[in-house]
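Chemist:
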Ligand SMILES: Cc1cc2nc3c(=O)[nH]c(=O)nc-3n(C[C@H](O)[C@H](O)[C@H](O)COP(=O)(O)OP(=O)(O)OC[C@H]3O[C@@H](n4cnc5c(N)ncnc54)[C@H](O)[C@@H]3O)c2cc1C
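Protein chains in written order, with the numbering used here: chain F, 1 to 362; chain V, 363 to 759.
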């Protein structure tokens, strides 16, 4: 048993940490315009090899395990970098395993190089539970419907749509396709999002294999969990430091036992979240699909609960300062709050676990 | 033991309900019901109507323009206002500085301030907290130095809620730098238009402008604006803070939000499914609902105890109301956020969906209100401080 990164992975971690915290500074979610020039950011990330890690060698990539991506996600979380790598990874893992289609190799090459960007657009209105609602439909290669919460400014989207036979297919859409109307907006965590309105948009079917889709969703879910654990680690550190430096009643706040214990609980939640995220990441490529699903849902549940506790307590222990938009902690708080509803909320994952018969075999 | 209100109290409730139904502005209620920010005029509209009816400050003593409402009447009024999604009479006026002036103010101060305070011709804000003096309020540093017939104030207040709307600010200032912490503090009333005052906005986490920093640079205030005796300000502040704590529980707001949560959860989604049918969700909902019920009874027990006791001594049990009340309000904003899911991610959501035929009105403020309501466990004496109060006063630790 060994939970340490190998020397190569440690090197990767160092360079990613530097890239996201320093190189990509102007894309920090603390800044109102952090979503500007996102294609530039994707290009820089591609040059770091981050997109190549999402494609297997056969497709010209460097995929060896989920770990490399998870390392990147954790650093994204710590630095609050405004890059939707979860949605990108989701699309790339599908594309990596998708059917062949005309131009597939060229498309993947352009994504790996950072020349083109791609992300998933699976959400629809009311879509609380990670893909349960798919009203968007495909008929004879033509798409109609509305997708919500897509990442704005991307060159390509993978969307899911209901096909004539009632099954779900994955389709490749160009961001500037005829008949596609886009409405942009900014979310509380300063993500640039958009709604995609499809009016007879031509699309290429690239995948109908539910196993690939569910694997990619699980991969993305754990990637997102790593981003959250990075954020929680930073918030816990920030709070600990604050308690040591803020004085009230003539003593540092850290001298009050109730606050010490609260900070310790933040640490425990963060470590628990990290443990279950590691566990699930190690099962992502496992051939036992049921075991993977259980691990992933366990992870998202645990990390959701930790995210809520850690972010709420960080605000609480900072007092008024924690409530201000100027304070960096507030941005972790907002992102961690939205995180809980991304890639399946508690209800979705509790229900998914409930359906797995082996759930009790811990 | 008797759970029901008396016949007179029931009649009073019906009267309040009827007045709200016929007289209160519906547009303000709509905004509040959707957790949206209110404008200055919204507060004023509601407050003035209540003032005309004699209800804005009815809990004040009769001789000060009140109606000597009993604690139970005050409770019923609050419940009904919150049930109807209306803002309470401006708390800074009605529950904070008004009662302080009524109890401790000079004859001249009462004549000058009580009526416009009751009618909201003067909008007050609360200048207590400072950057270095939050939970440890008594460590405040803003000074007021006597100079002839004036005090000269220097220093900084912060977190001043709606200070940008205010005409006057009531401040705690240090008048005796040599006395022990609590002893050298005075309570003074300051016109916000006095030269030397600067108000700067603080933007809170959800992006709204609700609180401010207030800077005092050689601000000269007539000595007659000092309330009560010099260096007795801490006593007046304690009196005021116990009033403030009482108002924070706002169980009616939590109940109203639960009603909305139920409605939204019972609305079918695009697949025709309802979150309400998810037993896991209903279990969460019921847990919160039963906690709210328990707190309602706790509050009534405290009220029943107060009824008939004409004591100004702060009841430490109100700390319990503050802790649970804030937690439960926060729990309701969490539930709303869960129902909204990813549709509540953007503060612009209403504009984006305005062409749709669904009810999107409630969505855009759901996350904002969750973020903003974290303040409830921080201000008015943080929940940790309320635990400290209970530890000492009730447990004897
Ligand atoms: C939105 C908002 C509106 C406000 N409006 C006003 C206003 O209008 N007027 C005004 O005067 N003030 C106002 N306040 C200020 C408010 O009263 C203070 O924020 C509050 O007293 C806490 O002080 P602080 O922010 O300095 O936090 P701190 O006192 O620094 O507290 C930080 C953390 O330490 C904890 N802590 C502190 N001391 C102890 C202890 N002894 N034991 C255990 N835990 C402790 C606190 O509970 C908190 O979790 C407002 C605050 C907010 C957030």
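Glycine included, every Cβ here is placed at the ideal spot set by N, Cα and C.
Quick caveat: nothing in here was measured; it's all calculated off a predicted structure.
Would the region 562-577 of chain V and the region 316-331 of chain F be scored as touching if the rule is three or more Cβ pairs under 8 Å?
Modeler: With the cut-off at 8 Å, the region 562-577 of chain V and the region 316-331 of chain F touch.
Chemist: Check each candidate in V/677, V/602 and V/651 and name the one with the smallest Cα separation from residue 463 of chain V.
Modeler: Residue numbering aside, residue 463 of chain V sits at position 101 when the second chain is read from its first letter. When only C-alpha atoms are compared, the closest one is V/602.
Chemist: Given this structure, state the Cα-to-Cα distance separating residue 362 of chain F from residue 294 of chain F, to the nearest angstrom.
Modeler: Locating residue 362 of chain F in the first chain gives position 362, counting from the first residue. Locating residue 294 of chain F in the first chain gives position 294, counting from the first residue. Caution is warranted here: a pLDDT of 49 is assigned to residue 362 of chain F, below 50, making its placement in the model unreliable, and no coordinate value can be reported.
Chemist: If you measure from the beta carbon of residue 128 of chain F to each beta carbon in chain V, is any gap under 9 Å?
Modeler: Taking the first residue of the first chain as position 1, residue 128 of chain F is located at position 128. True, the Cβ-Cβ gap to chain V drops below 9 Å.
Chemist: For residue 335 of chain F, does the count of other Cβ atoms within 10 angstroms reach 16, so buried, or fall short, so exposed?
Modeler: Working through the first chain from its first residue, we reach residue 335 of chain F at position 335. It is buried - the Cβ of residue 335 of chain F has at least 16 other Cβ atoms within 10 Å.
Chemist: Residue 248 of chain F CB to nearest chain V CB: under 9 Å?
Modeler: Taking the first chain and counting its residues from 1, one reaches residue 248 of chain F at position 248. Closer than 9 Å to some Cβ of chain V, the Cβ of residue 248 of chain F qualifies, so yes.
Chemist: My parser needs the alpha helix (DSSP H) runs of 4 or more residues fully inside the region 380-416 of chain V; what are they?
Modeler: You should have 388-395 and 402-415.
Chemist: Compute the minimum distance between the beta carbon of residue 323 of chain F and the heavy atoms of ligand 1, and state whether it is under 8 Å.
Modeler: Here the question's residue 323 of chain F lines up with position 323 in the first chain. For ligand 1, at least one heavy atom lies less than 8 Å from the Cβ of residue 323 of chain F.
Chemist: Across which residues does DSSP place residue 150 of chain F in a beta bridge pair?
Modeler: Position 150 of the first chain, counted from the first residue, corresponds to residue 150 of chain F. According to DSSP, which records beta bridges pairwise, residue 150 of chain F is partnered with F/194.
Chemist: In angstroms, rounded to a whole number, what distance separates the CA positions of residue 587 of chain V and residue 190 of chain F?
Modeler: Within the second chain, the letter at position 225 stands for residue 587 of chain V. Within the first chain, the letter at position 190 stands for residue 190 of chain F. Distance between the alpha carbons of residue 587 of chain V and residue 190 of chain F is about 46 Å.
Chemist: Helix, strand or coil for residue 362 of chain F per DSSP?
Modeler: Mapped onto the first chain, residue 362 of chain F falls at position 362. For residue 362 of chain F, the predicted structure reports a pLDDT of 49, less than 50, and the residue's modelled location is therefore unreliable. A value from the coordinates is still provided. Residue state, collapsed to three classes: coil.
Chemist: Give the DSSP-derived three-state secondary structure of residue 314 of chain V in the structure shown.
Modeler: Chain V is shown from 363 up to 759; residue 314 of chain V falls before or after that span and cannot be answered.
Chemist: When Cβ atoms are compared, which residues of the region 174-194 of chain F fall closer than 7 Å to chain V?
Modeler: Within the region 174-194 of chain F, the qualifying residues are 183, 185, 186, 187, 188 and 193.
Chemist: Using 8 Å as the cut-off, classify the Cβ of residue 498 of chain V as near or not near the heavy atoms of ligand 1, replying yes or no.
Modeler: As a first step, residue 498 of chain V is located in the second chain; it is residue number 136 there, counting from the start. Yes; taking the cut-off as 8 Å, the Cβ of residue 498 of chain V has a heavy atom of ligand 1 nearer than that.
Chemist: Would the C-beta of residue 487 of chain V count as close to ligand 1, meaning under 8 Å from any of its heavy atoms?
Modeler: The count along the second chain starts at 1 and reaches residue 487 of chain V at position 125. Yes, ligand 1 has a heavy atom inside 8 Å of this Cβ.
Chemist: Cβ atoms of residue 658 of chain V and residue 613 of chain V: under 9 Å apart, would you say?
Modeler: The count along the second chain starts at 1 and reaches residue 613 of chain V at position 251. The count along the second chain starts at 1 and reaches residue 658 of chain V at position 296. Cβ distance < 9 Å, so residue 613 of chain V and residue 658 of chain V count as in contact.
Chemist: Can you give the Cα-Cα distance for residue 499 of chain V and residue 490 of chain V, rounded to whole angstroms?
Modeler: In the second chain, the residue the question calls residue 499 of chain V occupies position 137. In the second chain, the residue the question calls residue 490 of chain V occupies position 128. Computed Cα separation, rounded: 7 Å.
Chemist: Which same chain residues end up closer than 6 Å to residue 493 of chain V when comparing Cβ atoms and leaving out the 5 residues on each side of it in sequence?
Modeler: Here residue 493 of chain V refers to the residue found at position 131 when the second chain is read from its first residue. The answer, listed in chain order, is 520.
Chemist: With distances taken between CB atoms, is the gap from residue 639 of chain V to residue 126 of chain F smaller than 9 Å?
Modeler: Within the second chain, residue 639 of chain V is the residue found at index 277, counting from 1. Within the first chain, residue 126 of chain F is the residue found at index 126, counting from 1. No, the Cβ-Cβ distance between residue 639 of chain V and residue 126 of chain F is not below 9 Å.
Chemist: Should the region 547-564 of chain V be called in touch with the region 590-602 of chain V, which here means at least 3 C-beta pairs below 8 Å?
Modeler: Yes, since at least three Cβ pairs between the region 547-564 of chain V and the region 590-602 of chain V fall closer than 8 Å, the two stretches touch.
Chemist: Is residue 134 of chain F helix, strand or coil by DSSP?
Modeler: Position 134 of the first chain, counted from the start, is the residue given in the question as residue 134 of chain F. The answer is coil: DSSP assigns residue 134 of chain F none of H, G, I, E or B.
Chemist: Between which two residues does the alpha helix (DSSP H) carrying residue 79 of chain F extend?
Modeler: For this step, residue 79 of chain F is matched to residue 79 along the first chain. Counting along the chain, the alpha helix (DSSP H) containing residue 79 of chain F begins and ends at 67-79.
Chemist: Using the three-state DSSP reduction, which class does residue 486 of chain V fall into: helix, strand or coil?
Modeler: As a first step, residue 486 of chain V must be located in the second chain, where it is residue number 124. The answer is strand: DSSP assigns residue 486 of chain V an E or B state.
Chemist: By how many angstroms is the C-alpha of residue 263 of chain F removed from the C-alpha of residue 145 of chain F?
Modeler: For the purposes of this step, residue 145 of chain F is taken as residue 145 along the first chain, with counting starting at 1. For the purposes of this step, residue 263 of chain F is taken as residue 263 along the first chain, with counting starting at 1. Their backbone Cα atoms lie some 47 Å apart in a straight line.
Chemist: Per DSSP, what are the beta-bridge partners of residue 575 of chain V in this structure?
Modeler: The residue you call residue 575 of chain V lines up with position 213 of the second chain. Looking at the DSSP assignment, residue 575 of chain V forms a beta bridge with V/562.
Chemist: Following a CB-centred definition, is residue 406 of chain F positioned closer than 8 Å to any heavy atom of ligand 1?
Modeler: Outside the modelled stretch of chain F, which goes from 1 to 362, sits residue 406 of chain F, for which no answer is possible.
Chemist: Does DSSP put residue 351 of chain F in a helix, in a strand, or in coil?
Modeler: Here residue 351 of chain F refers to the residue found at position 351 when the first chain is read from its first residue. If DSSP states are grouped into helix, strand and coil, residue 351 of chain F belongs with the helices.
Chemist: Anything in the region 106-124 of chain F with a Cβ closer than 9 Å to a Cβ of chain V? List those residues in chain order, please.
Modeler: Under the 9 Å Cβ criterion, the region 106-124 of chain F contributes 123 and 124.
Chemist: Looking at the secondary structure, which residues open and close the alpha helix (DSSP H) in which residue 647 of chain V lies?
Modeler: As a working mapping, residue 647 of chain V is identified with position 285 in the second chain. Per DSSP, residue 647 of chain V belongs to the alpha helix (DSSP H) from 641-668.
Chemist: Alpha carbon to alpha carbon, how far is residue 408 of chain V from residue 442 of chain V?
Modeler: The residue labelled residue 408 of chain V in the question sits at position 46 within the second chain. The residue labelled residue 442 of chain V in the question sits at position 80 within the second chain. The alpha-carbon atoms of residue 408 of chain V and residue 442 of chain V are separated by roughly 14 Å.
Chemist: Does the Cβ of residue 470 of chain V lie closer than 8 Å to at least one heavy atom of ligand 1?
Modeler: In the second chain, residue 470 of chain V corresponds to position 108, counting from 1. No, Cβ of residue 470 of chain V sits at least 8 Å from all heavy atoms of ligand 1.
Chemist: Within 8 Å: the Cβ of residue 505 of chain V and any heavy atom of ligand 1?
Modeler: In the second chain, the residue the question calls residue 505 of chain V occupies position 143. No, since every heavy atom of ligand 1 falls outside the 8 Å radius drawn around the Cβ of residue 505 of chain V.
Chemist: Less than 6 Å between C-beta atoms, sequence neighbours within five positions excluded: which residues of the same chain meet that for residue 42 of chain F?
Modeler: Working through the first chain from its first residue, we reach residue 42 of chain F at position 42. Only 114 and 117 meet the Cβ criterion.
Chemist: Going by the CB atoms, is the gap between residue 616 of chain V and residue 647 of chain V shorter than 9 Å?
Modeler: The residue you call residue 647 of chain V lines up with position 285 of the second chain. The residue you call residue 616 of chain V lines up with position 254 of the second chain. Taking 9 Å as the Cβ cut-off, residue 647 of chain V and residue 616 of chain V do not qualify as a contacting pair.
Chemist: Apply the 10 Å Cβ neighbour rule to residue 27 of chain F and answer buried if 16 or more other Cβ atoms are within range, or exposed otherwise.
Modeler: On the first chain, residue 27 of chain F is found 27 positions in, with the first residue counted as 1. Its Cβ being crowded by 16 or more others within 10 Å, residue 27 of chain F is buried.
Chemist: Does the Cβ of residue 318 of chain F lie closer than 8 Å to at least one heavy atom of ligand 1?
Modeler: Within the first chain, the letter at position 318 stands for residue 318 of chain F. Yes - ligand 1 has a heavy atom lying nearer than 8 Å to the Cβ of residue 318 of chain F.
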